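Number of protein chains: 2
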Amino acid sequence: MLEITISELDSVIRRAADAAPFLRSVEGSVLADLLDGIANALTTAKAEIVPVAMRETHLPEARLNGECDRTAGQFRNHALDVRAGRFKAVDVVTAIPDRTPPRPNISRFMIPLGPIAVFGASNFPLAYSVAGGDTASALAAGCPVIVKAHPAHPETSRMVADIVSAQVKAHGFPEGTFQCVHGDNAVSLGLVEHPLIKGVGFTGSLRVGRLFMDAAAKRPVPIPVFAEMGSVNPMFVLPGGVAGFAEGYVPSLTLGVGQFCTNPGIVFGIDSPEWTASKSKMQELAAAAPVGKMLTDGIAENYVRLAQTTCRQEGVSTLVEVTNPGQAGLAEVSGADFIKNPHLQEEVFGPFGLIVTCKSFDEMLACVGTQGNLSSSIHFGPDDQALVEILLPVVEQIAGRIVFNGFPTGVEVCEATQHGGPYPAASDSRFTSVGNHAPERWLRPVAYQNAPRWV
Amino acid sequence: MLEITISELDSVIRRAADAAPFLRSVEGSVLADLLDGIANALTTAKAEIVPVAMRETHLPEARLNGECDRTAGQFRNHALDVRAGRFKAVDVVTAIPDRTPPRPNISRFMIPLGPIAVFGASNFPLAYSVAGGDTASALAAGCPVIVKAHPAHPETSRMVADIVSAQVKAHGFPEGTFQCVHGDNAVSLGLVEHPLIKGVGFTGSLRVGRLFMDAAAKRPVPIPVFAEMGSVNPMFVLPGGVAGFAEGYVPSLTLGVGQFCTNPGIVFGIDSPEWTASKSKMQELAAAAPVGKMLTDGIAENYVRLAQTTCRQEGVSTLVEVTNPGQAGLAEVSGADFIKNPHLQEEVFGPFGLIVTCKSFDEMLACVGTQGNLSSSIHFGPDDQALVEILLPVVEQIAGRIVFNGFPTGVEVCEATQHGGPYPAASDSRFTSVGNHAPERWLRPVAYQNAPRWV
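Sequence order for the protein chains is P and B. With our numbering applied, the first sequence corresponds to residues 1 to 455, in that order. With our numbering applied, the second sequence corresponds to residues 456 to 910, in that order.
What follows is the structure, given as structure tokens:
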């Protein structure tokens, strides 16, 4: 890993561009061997990496062990698809020479975009950082990767980068296949703006994600940015879904000190005696939740500030006050006050929940709004079918994944994963940053017309 | 069709948004019936439409008859796919309740983006206008469409719009399913910027395409713009491909008065006695080509101006001078002078060819550059295999379709079509605006997790 300045960036990016032709034409089985090699090396080094990551991120051992397994699993998943030729999928139309006009033979298949800049997240030091989902999917697509390491876990980043680079070398791939750099904001923007960079993967805040989107859109040749940004992952609790909701909700809200992109930050319920009892239960559980240590001092300070700001908004009453970083918080507001104040839709990154109590189902519907989310959840009982049928198409407009009678934390990494939703949850809702479809972000189709056999 | 002002635009767009839920949930067979109905109605009205289009566009009858068939064919192609459920393709992962943690069932499938704004092209008054490829593919994806009619063929646009609207009504679809408007530039930009518009399809100039791209990127909620813009579709002629090249090239260059997006505007050859003879043949054929009437006065004026500007660049010698609109033109420049002057890479819309004579294969390689194209063609003989293997990966970087020993005009509309290449040929090289894959532009995935059976 290199600590670089903006003046050194060009040679790093050129090294990546030089590796692109090798990656474009390498056999799928060779590429799959590299991906499997990285997976195995990460698993082997788990006992060394996890203690370092624990120290740097304050995340617990079990979580980081699981994250390391998931990270390796992402590479193995993609290796299976690469070996099966899935990303080279070909549409073939055969020639009809005696048609008027004659039909040529045409083969359409996918090729890699080229060098990709990846910006790791602080909240997933393994699964969404140096060797995280963006890196794994871009390599699987045959794109060279330059990772800008997140400053919140530099030593973890260095260890993982060394593991990946060693595998790149051992498998005979060019050095520019994978590079990891440290640098300041000028380096970050320099990556997004460099003419040889063909795409960007980012996980982080809306502010920085939008900055990168805007910079990429203003380039002489614009490039796609896949930014996974803020999300409040709203929960809609219908009358039949109230029983037992609180007992599932608070653990999901406080999991990992609320630092998941799928954290369920806003809950909509309809006023009733049962809902009042459920709120009391949520209040009791949130007040009793253990105080966790957050990822960074900056995140911790922001959390307290934003939670307190929310509690000061008009009509908001505090149920569990946030006085310390990492402490669970809970507040309540009416549907009418929620609709009036767009600030209440903003994400509070951490274990803070806003309960919106609506006076009717119609008011709940009116609360859905238009702001995009990674996920949305609907809780309901057998008698709520008619309400679900009204609510679902509205909620579908603002989410990439809809969870029925469940909680959004704990994303299954598989071929049916959709992690990405309407803006601002993601920059482009047509793709996913997690799961088997993730490499599709880094490919473009090419058609060969009337190609000779030897091509 | 409505001539509207910016103040009336909102109600048009709201009508489209109101139609979106119907289109999202309509049965595939019902949607396919609408698409087939439009295809049949266009075919039935061909004898009425074509004379009007001939008068408005100066395109010949045979061409417009073919274009009308192609337009109907696009709807029929998509109807087949919609009937087969192709765009609703589902990834399903079944639950494993006794795994730790339990795996939920997840279904991932595609849903329409919502109301789409379509801007028709002047050069395809039927196949890329009111009921053209963008409209057909967006409807096939289940998106309501608002077409901004091209002012170059208003009466053709009105007739086609009336046909589509009548079918929308006859098949019981809401009025907002398809609307066609006339309006000024404020209306165009108002469409791109309206919060209820979820995507844009555009075919036309780089200037306007980029304007729409920039406007869409600056929205509070950015949306995708699929702009198909300029392309010079370079031809690379290797030594074994020289024989017979001129006889194929000039007809392709002058087809439809050179007003195809796939028009082959630049030819690269390697200096040799055979190449000199080929140039003489091209000169002879271009000088003898009939003068055609161009689509609009603006296009005609631009053509003469740009062709003459090219001929005045340093090192350029005129082989066939353009003095009148619609007249074929030809010029020549050395590879060295071509590389020095980026203006020579710019498209001259019309039947104007620039021959770049390189002193070696290496100079030809250096001429490829980085500017994106819809297509690129390689002409070669049996002895050129080694050169093709060097040239192909370089040319692949700048094109969406590669034609071997052929010419790019005459795009086959099929499942293997790739019409879209690196910028500035298209705004997003990962998609195609023609062929069976075109509706993929207007869809996004949603995952349902743990959904009950009745959903």
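Note that beta-carbon positions come from the ideal geometry of N, C-alpha and C, so glycine has one too. Computed from a predicted structure; not experimentally measured.
Going straight from the alpha carbon of residue 334/P to that of residue 353/P, what length do you get? Taking the first sequence and counting its residues from 1, the one referred to as residue 334/P is at position 334. Taking the first sequence and counting its residues from 1, the one referred to as residue 353/P is at position 353. Cα to Cα, the separation comes out at about 14 Å.
Anything in chain B within Cβ reach of residue 416/P, meaning under 7 Å, just list it in chain order. Locating residue 416/P in the first sequence gives position 416, counting from the first residue. Ordered by position in chain B, the residues that pass the 7 Å Cβ test against residue 416/P are 546, 547, 548, 561, 562, 563, 902.
Secondary structure of residue 49/P, DSSP reduced to three states: Residue mapping note: residue 49/P aligns to position 49 of the first sequence, counting from 1. Of the three classes helix, strand and coil, the one that applies to residue 49/P here is helix, per DSSP.
Coil, strand or helix - residue 711/B by DSSP: Here residue 711/B corresponds to residue number 256 of the second sequence, with the count starting at 1. Residue state, collapsed to three classes: helix.
Distance, residue 249/P Cα to residue 650/B Cα: In the second sequence, counting from the first residue as 1, residue 650/B sits at position 195. In the first sequence, counting from the first residue as 1, residue 249/P sits at position 249. Straight-line Cα distance between these residues: approximately 33 Å.
Less than 8 Å separating the beta-carbons of residue 375/P and residue 403/P? The sequence position of residue 375/P within the first sequence is 375, counting from 1. The sequence position of residue 403/P within the first sequence is 403, counting from 1. Closer than 8 Å, so yes.
In whole angstroms, give me the CA-to-CA distance for residue 818/B and residue 570/B. The count along the second sequence starts at 1 and reaches residue 818/B at position 363. The count along the second sequence starts at 1 and reaches residue 570/B at position 115. If I take the Cα positions, the gap works out to 48 Å.
Identity of the residue in 596/B, 582/B, 640/B, 632/B nearest residue 612/B by Cα: Locating residue 612/B in the second sequence gives position 157, counting from the first residue. Of the listed residues, the one whose Cα sits closest to residue 612/B is 582/B.
Measuring CB atoms only, is the stretch 745 to 759 of chain B touching the stretch 795 to 811 of chain B, in the sense that at least three cross pairs come out at less than 8 Å? yes
Let's test the definition: count the other Cβ atoms within 10 Å of the Cβ of residue 437/P and tell me whether it reaches 16, buried, or not, exposed. Working through the first sequence from its first residue, we reach residue 437/P at position 437. Buried is the call here.
What does DSSP give as the partner residues of residue 604/B in its beta bridges? For the purposes of this step, residue 604/B is taken as the residue at position 149 of the second sequence. Note: residue 604/B sits in no beta bridge, so no partner.
Could you pull out every residue in the same chain whose Cβ sits closer than 7 Å to the Cβ of residue 661/B, ignoring the five residues on either side in sequence? Mapped onto the second sequence, residue 661/B falls at position 206. The residues are 684, 685, 879.
With 16 as the cutoff for other CB atoms within 10 Å, does residue 169/P come out buried or exposed? Here residue 169/P corresponds to residue number 169 of the first sequence, with the count starting at 1. It is exposed - the Cβ of residue 169/P has fewer than 16 other Cβ atoms within 10 Å.
Cβ contact (3+ pairs, closer than 8 Å) linking the stretch 56 to 63 of chain P and the stretch 142 to 158 of chain P: yes
If I measure Cβ to Cβ from residue 744/B and keep anything under 6 Å in the same chain, skipping five residues before and after, which residues do I get? Within the second sequence, numbered from 1, the residue matching residue 744/B stands at position 289. Closer than 6 Å at Cβ, skipping near neighbours: 709, 783.
When the cut-off is 8 Å and only beta carbons count, does residue 643/B lie next to chain P? Numbered from its first residue, the second sequence carries residue 643/B at position 188. Judged by the 8 Å Cβ criterion, residue 643/B is not in contact with chain P.
Between the Cα of residue 822/B and the Cα atoms of 842/B, 792/B, 838/B, which residue gives the shortest distance? Your numbering for residue 822/B matches position 367 in the second sequence. Minimum Cα distance to residue 822/B is reached at 792/B.
Opposite residue 201/P in the DSSP bridges: which residues? Sequence index remark: in the first sequence, residue 201/P carries index 201 (1-based). Looking at the DSSP assignment, residue 201/P forms a beta bridge with 118/P, 226/P.
Can you say whether residue 370/P is buried or exposed, counting buried as having 16 or more other CB atoms within 10 angstroms of its CB? Here the question's residue 370/P lines up with position 370 in the first sequence. Answer is exposed; the Cβ neighbour count stays below 16.
Tell whether a beta-carbon distance below 8 Å holds between residue 373/P and residue 237/P. Here residue 373/P refers to the residue found at position 373 of the first sequence. Here residue 237/P refers to the residue found at position 237 of the first sequence. Cβ atoms of residue 373/P and residue 237/P: not closer than 8 Å.
Taking residue 125/P as the reference, give the member of 94/P, 414/P, 203/P with the closest Cα. Locating residue 125/P in the first sequence gives position 125, counting from the first residue. The candidate whose alpha carbon is nearest that of residue 125/P is 203/P.
Members of the stretch 692 to 706 of chain B that neighbour chain P once the beta carbon cut-off is set at 9 Å: none
My output table needs one value for residue 583/B: the three-state DSSP class, helix, strand or coil. In the second sequence, the residue the question calls residue 583/B occupies position 128. Here residue 583/B sits in coil by DSSP.
Ignore the nearest five residues each way along the sequence and tell me which others in residue 540/B's own chain have a CB closer than 7 Å to its CB. Numbered from its first residue, the second sequence carries residue 540/B at position 85. 483, listed in sequence order.
Mind checking whether residue 666/B and residue 633/B have CB atoms under 8 Å apart? The residue labelled residue 666/B in the question sits at position 211 within the second sequence. The residue labelled residue 633/B in the question sits at position 178 within the second sequence. In this structure, residue 633/B does not lie closer than 8 Å to residue 666/B by Cβ.
Using Cβ-Cβ distances below 9 Å, what residues of the stretch 479 to 502 of chain B are close to chain P? 479, 480
Which chain P residues sit within Cβ distance under 9 Å of residue 855/B? Your numbering for residue 855/B matches position 400 in the second sequence. Here the neighbours are 444, 445, 446, 447.
Classify residue 732/B as buried or exposed, calling it buried when 16 or more other Cβ atoms lie within 10 Å of its own Cβ. Taking the second sequence and counting its residues from 1, the one referred to as residue 732/B is at position 277. By the 10 Å Cβ count, residue 732/B comes out exposed.
Output yes if chain P places a C-beta closer than 8 Å to the C-beta of residue 536/B; else output no. By one-based count along the second sequence, residue 536/B stands at place 81. No - not a single Cβ of chain P is within 8 Å of the one on residue 536/B.
Taking 8 Å as the cut-off, does the stretch 485 to 498 of chain B touch the stretch 667 to 682 of chain B (at least 3 CB pairs, one atom from each stretch)? no
Could you tell me which chain B residues have their CB closer than 8 Å to the CB of residue 450/P, listed as they occur along the chain? If you number the first sequence from 1, residue 450/P lands on position 450. Here the neighbours are 858, 859, 860, 861.
Interface partners of residue 668/B on chain P, CB under 8 Å: Taking the first residue of the second sequence as 1, we reach residue 668/B at position 213. Chain P residues near residue 668/B: 217, 222.
When DSSP builds the beta bridges, which residues end up paired with residue 103/P? Numbered from 1 along the first sequence, position 103 holds the residue referred to as residue 103/P. DSSP, once it has assigned bridges, lists 96/P as partnering residue 103/P.
What is the residue span of the alpha helix (DSSP H) that residue 373/P lies within? Position 373 of the first sequence, counting from 1, holds the residue named residue 373/P. Run containing residue 373/P: none in the alpha helix (DSSP H); it sits in the beta strand (DSSP E), 373 to 379.
Looking at residue 24/P and residue 142/P, is the spacing between their C-beta atoms short of 8 Å? Position 142 of the first sequence, counted from the first residue, corresponds to residue 142/P. Position 24 of the first sequence, counted from the first residue, corresponds to residue 24/P. For residue 142/P and residue 24/P, yes; Cβs fall inside 8 Å.
Mind pulling the chain P residues with CB within less than 7 Å of residue 884/B? Taking the first residue of the second sequence as position 1, residue 884/B is located at position 429. Correct list: 444.
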